[in-house]
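Peer 1:
2 protein chains.
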Amino acid sequence: MKLNADLAQRITAAVDAQFDAQIEFTKALVRLPSLREREASAQDFMAEAFRERSLEIDRWKIDVEELKRHPGASPVASPYAEAFNVVGTYRADSNEGRSLILNGHIDVVPTGPEERWRTPPFQPSVREGRLYGRGAGDMKAGLAANLFAYDAVRAAGVRPKGRIHFQSVVEEECTGNGALACLLRGYTADAAIIPEPVDEHLLRANMGLLWFKASVAGDPAHASGAYSAGLNAIKRAWKIWQRLEALEAQWNADRGAHPHYADHPHPIRFNLGKIKGGEWVSSVPAECTIEVRAGLYPEWTIERGKAEIEAAIAEVAAEDAHLPAPAICYHGFHNGGYVLEPGSPAELALQAAHEAACGETLQALASTASTDARILGVFGKIPSLVYGPTCVGAHGIDEYVELESVRRITKTIALFIADWCGGDSSGAS
Amino acid sequence: MKLNADLAQRITAAVDAQFDAQIEFTKALVRLPSLREREASAQDFMAEAFRERSLEIDRWKIDVEELKRHPGASPVASPYAEAFNVVGTYRADSNEGRSLILNGHIDVVPTGPEERWRTPPFQPSVREGRLYGRGAGDMKAGLAANLFAYDAVRAAGVRPKGRIHFQSVVEEECTGNGALACLLRGYTADAAIIPEPVDEHLLRANMGLLWFKASVAGDPAHASGAYSAGLNAIKRAWKIWQRLEALEAQWNADRGAHPHYADHPHPIRFNLGKIKGGEWVSSVPAECTIEVRAGLYPEWTIERGKAEIEAAIAEVAAEDAHLPAPAICYHGFHNGGYVLEPGSPAELALQAAHEAACGETLQALASTASTDARILGVFGKIPSLVYGPTCVGAHGIDEYVELESVRRITKTIALFIADWCGGDSSGAS
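These protein sequences, in sequence, are chains A and B. The opening residue of the first sequence carries number 1 in the numbering used here; numbering runs sequentially from there. The opening residue of the second sequence carries number 1001 in the numbering used here; numbering runs sequentially from there.
1) Would you mind working out which of B:R1407, B:G1388, B:F1019 and B:A1394 sits nearest N1103 (chain B), comparing C-alpha positions?
2) Using a Cβ distance threshold of 8 Å, determine whether the segment 275 to 289 of chain A contacts the segment 1272 to 1280 of chain B, with at least three qualifying pairs required.
3) Report yes or no: is there a C-beta of chain A within less than 9 Å of the C-beta of G1393 (chain B)?
4) Considering Cα atoms alone, identify which of A:G157, A:E82 and A:P197 is closest to G142 (chain A).
5) Please work out which residues of its chain come closer than 7 Å, Cβ to Cβ, to E66 (chain A), disregarding the five sequence neighbours upstream and downstream, and give them in chain order.
6) Got a sec? Which residues, its chain only, sit under 8 Å from A1014 (chain B) by beta carbon, not counting five neighbours each side?
7) What residues of chain B sit near R269 (chain A), judged by a beta carbon separation below 8 Å?
8) According to a CB-to-CB cut-off of less than 9 Å, which residues of the segment 268 to 288 of chain A neighbour chain B?
9) State the Cα-Cα distance for the pair Q1022 (chain B) and L1203 (chain B), rounded to the nearest angstrom.
10) Kindly list, in the order they appear in chain A, the residues whose Cβ is closer than 9 Å to that of H1260 (chain B).
11) Quick one: which unbroken beta strand (DSSP E) runs of 3-plus residues sit fully inside the segment 265 to 352 of chain A? Chain order, please.
12) If the criterion is Cβ atoms closer than 9 Å, does the pair A1144 (chain B) and L1032 (chain B) meet it?
13) Whose Cβ in chain B lies nearer than 9 Å to the Cβ of G337 (chain A)?
14) Select from the segment 1340 to 1368 of chain B all residues with a C-beta closer than 9 Å to any C-beta belonging to chain A, and list them in chain order.
15) Any beta carbon from chain A within less than 9 Å of A1179 (chain B)'s own beta carbon?
16) At a CB-CB cut-off below 7 Å, which residues of chain B make contact with E173 (chain A)?
17) Taking contact to mean at least 3 C-beta pairs separated by less than 8 Å, is the segment 1237 to 1249 of chain B in contact with the segment 1286 to 1302 of chain B?
18) Tell me the DSSP secondary structure of N470 (chain A) in three-state form.
19) In its own chain, which residues sit with a C-beta less than 6 Å from the C-beta of C358 (chain A), not counting the 5 before and 5 after it?
20) Would L1007 (chain B) be called buried (16 or more neighbouring beta carbons within 10 Å of its own) or exposed?
21) Roughly how many angstroms lie between the CA atoms of R269 (chain A) and K239 (chain A), to the nearest whole one?
22) Per DSSP, what kind of secondary structure is I1106 (chain B) in: helix, strand or coil?
23) For the alpha helix (DSSP H) that contains N1004 (chain B), what are its first and last residues?
24) Among residues of its own chain, excluding the 5 on either side of E360 (chain A), which ones have a beta-carbon nearer than 7 Å to its beta-carbon?
25) Once the 5 residues before and after I1290 (chain B) are set aside, which same chain residues still bring their CB inside 8 Å of it?
26) So which of B:V1158, B:Y1330, B:L1365 and B:F1166 has the shortest CA-CA distance to H1260 (chain B)?
27) Kindly list the residues whose CB is nearer than 8 Å to the CB of H300 (chain A), restricted to its own chain and excluding five residues on each side of it in sequence; keep chain order.
28) Output needed for W420 (chain A): all residues of its chain with C-beta closer than 8 Å, excluding positions within five of it in sequence on either side, in chain order.
29) Kindly list, in the order they appear in chain A, the residues whose Cβ is closer than 8 Å to that of N1232 (chain B).
30) Cα separation between Y187 (chain A) and I375 (chain A)?
31) Interface residues of chain A around R1069 (chain B) at Cβ under 9 Å?
32) Of all the options B:V1086, B:R1036, B:A1081 and B:E1279, which has the alpha carbon lying nearest to the alpha carbon of E1169 (chain B)?
33) Taking D398 (chain A) as the reference, which of A:A418, A:S370 and A:W117 has the closest Cα?
34) Among B:P1075, B:G1072, B:A1081 and B:H1070, which one has its Cα closest to the Cα of S1041 (chain B)?
35) Would you decide whether Q1363 (chain B) is buried or exposed? Buried here means 16 or more other CB atoms lie within 10 Å of its CB.
36) Can you tell me where the beta strand (DSSP E) with E1404 (chain B) in it begins and where it stops?
Structure follows, in structure tokens:
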């Protein structure tokens, strides 16, 4: 890191000075329940935060037709009426410095049964140094960290010399189409940071991801004839799920061939995320639909993953060939994986910033999840650094983010901004 | 049977003479999709048929509060806004003859995927002597047979000397509350016939029946953590279902203790009729609900069945005692079974009528299903004879009723009416 120690100290002190405000901002963001199809009010909040910082504001609805023409698009399976992206842009007086994207996603996943939360999921609560709430860690703390890191840089008297785009995107939790829409709108930079909650690590690789729905036919009959007549579609769907679990085990057994995951105990994760079957309790069910999330090794093509999944399903279906074959529909994530090639200038800069902020060497990890880094990195050719705080219970009950972790990664990002983009420092704070 | 051969011949000839009209009537009834919550138009059709025959008409909405006070009521889990019963009553000039209830249910179960039917389920179609359509056999052919049997008796010049109630009831497919509402309204008689599709047999016994819903909690987590974190509610629900299947096997193994079912290969049937779980494909599901139909031996109390079911579920739930215990809800059939004591005058009369109409001895059967006979028989103390035509595919795809079978059982019912109720015959047809 080329920053002098004094400037670095002023920047990290500025993070500390405004950290209470940062927590309040994050809490305000958690209060806005930006579930799928309800993102707009939280995006308005982000736009207002950009406006307060005199950033250029670009707020637009995702253009589904334009998306569909891009090979990186995932199928659009739910309405996009509320699917607005917001980008706030800082323009440097000169463009001498390197440009930067600070990206985060505004969408959160459903809460599960609210009565099982100790405090309601959209009423943020701070207890024992943790901020609780749906999306607190995944990833509203990250969206806030991006902005407050910048504030700290400015408070330390630095005017960055490179362009900075603050991106608040939708659709990270189901497709990646929000980040893709930013690319299609022309946003690019020399590096990107995405403060997903990765426990203060740097993401070296993430999985490809498929969502699919298999609609399985049964042979309906009167329940009093069950076992003599009919074939229960739910039981047939369960056999298919068991075959898919066997496929998952087989893929995991092959992990030695995948350098980033060779030592991982369980890199590939299939999740039976939804099921729905039957229409009358006293009828043997005619139909059952299962919805599955499947990880794919980053070296694989999506087509390979799909072919193996479809073959596994067909194998089970063939046992009851007199029934309609399962209909398979891809209705969300349809993405390859991502690998951050080591040694880029951006990575080196982040390592240095992390070390300065946290006093430790930055460790890399290969994730069993997926992130928008694949969109920016693979299709935008932007070195994309996923680096963020410690969060427990993402997608679960009582999700929380560790506030001291948020403070540390905010300092790292702030130091990174000042170093990467460069900047005139007046010395005034 | 006390009818003379000439009169019997005139009655069965009258059934033949009007059989085309009976088929048309049945088809018209099949065209009315009397699914749960949509029964009213079919009941209007029945009321009109009663009116054309100058029967007294009683059409009323089921009184849920009144029902709830009766021990034979099942829980009301769906709206009763369309839940009308219709009864048409024939009053004899004298009341010298025995009275009779001719009962049938108007409700039909869902169709399953309509595109899998050879002809649409609510567009009745006659092919190769079969009438196809949802409800054709279960049991609109029976409702029609009741009326056309009476028509044949009248056409043969007989005026029955006993009161006859034609009951078209709702809720047979989920609770039995429709038949119970008829009892509560005061309808009773010396015997009842219910022409459910029992393959020209007499029902000797039917099962008790429970519907229950188990709402199973999981421990939600990010799908990328599945297998390391979280516990999938769908998988936990499946374990509960497997435990229930073991309970079913155990009950079946005990069949030797139950005289009517000792020789039955599989008397107890549990049906996993519905399942619904998960809310986000990339989250380990927090909740899954299964809905099950369970048969009970007629000798058992409902409480015994419930206690064993609840214990089985609790046993599996205890493996994950840190999670909320499954919530169990009884949301439909909540009924003991029914046994028709052999040798009643009504049974003897039916045997004679069947033999006269079909040329064969009437065989009895013990059913794995449930019928409204338990309501009329157990709570109304009315000897209730379930006797009806051959139907294939009840609750399935391409349900049909055999038309020659319908013709035969219509003749039997007509002969029964004339014999049971007695009547003056002018000899004119």
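Every residue gets a Cβ at the ideal spot worked out from N, C-alpha and C, and that includes glycine.
Peer 2: Once the coordinates are examined:
1) B:G1388
2) yes
3) yes
4) A:P197
5) L184
6) Only D1151, A1152, V1153, A1155, A1156, A1414 and S1429 meet the Cβ criterion.
7) Neighbours of R269 (chain A) on chain B, chain order: A1223, S1224, G1225, A1226 and Y1227.
8) R269, F270, N271, L272, G273, K274, I275, K276, G277, G278, E279, W280, V281, S282, S283, V284, P285, A286, E287 and C288
9) 24 Å
10) Correct list: empty, because the minimum Cβ distance to chain A is about 14 Å.
11) 270 to 277, 287 to 296 and 327 to 335
12) no
13) Simply none; closest approach about 12 Å.
14) S1367 and T1368
15) no
16) S1282
17) Verdict: yes, contact present.
18) Outside the modelled stretch of chain A, which goes from 1 to 429, sits residue 470 (chain A), for which no answer is possible.
19) R408
20) buried
21) 18 Å
22) coil
23) For N1004 (chain B), there is no enclosing alpha helix (DSSP H), as DSSP gives it neither H nor E.
24) none
25) K1213, A1214, V1216, A1237, I1240, W1241, L1272, K1274 and I1275
26) That would be B:L1365, whose Cα lies nearest to the Cα of H1260 (chain B).
27) For the record, residue 300 (chain A) in the displayed sequence is Trp; it is not His. The residues are G208, G336 and G337.
28) G97, R98, L100, G162, D190, A191, A346 and A349
29) The answer, in chain order, is N271 and L272.
30) 12 Å
31) Within chain A, no residue comes near R1069 (chain B); the closest Cβ sits about 25 Å away, beyond 9 Å.
32) The amino acid occupying residue 1169 (chain B) in the given sequence is Val; Glu does not appear at that position. Selection B:V1086, B:R1036, B:A1081 and B:E1279 evaluated against V1169 (chain B) yields B:V1086 as nearest (Cα-Cα).
33) A:W117
34) Nearest to S1041 (chain B) by alpha-carbon distance, out of B:P1075, B:G1072, B:A1081 and B:H1070, is B:A1081.
35) exposed
36) No beta strand (DSSP E) contains E1404 (chain B), which is instead part of the alpha helix (DSSP H) from L1403 to C1421.
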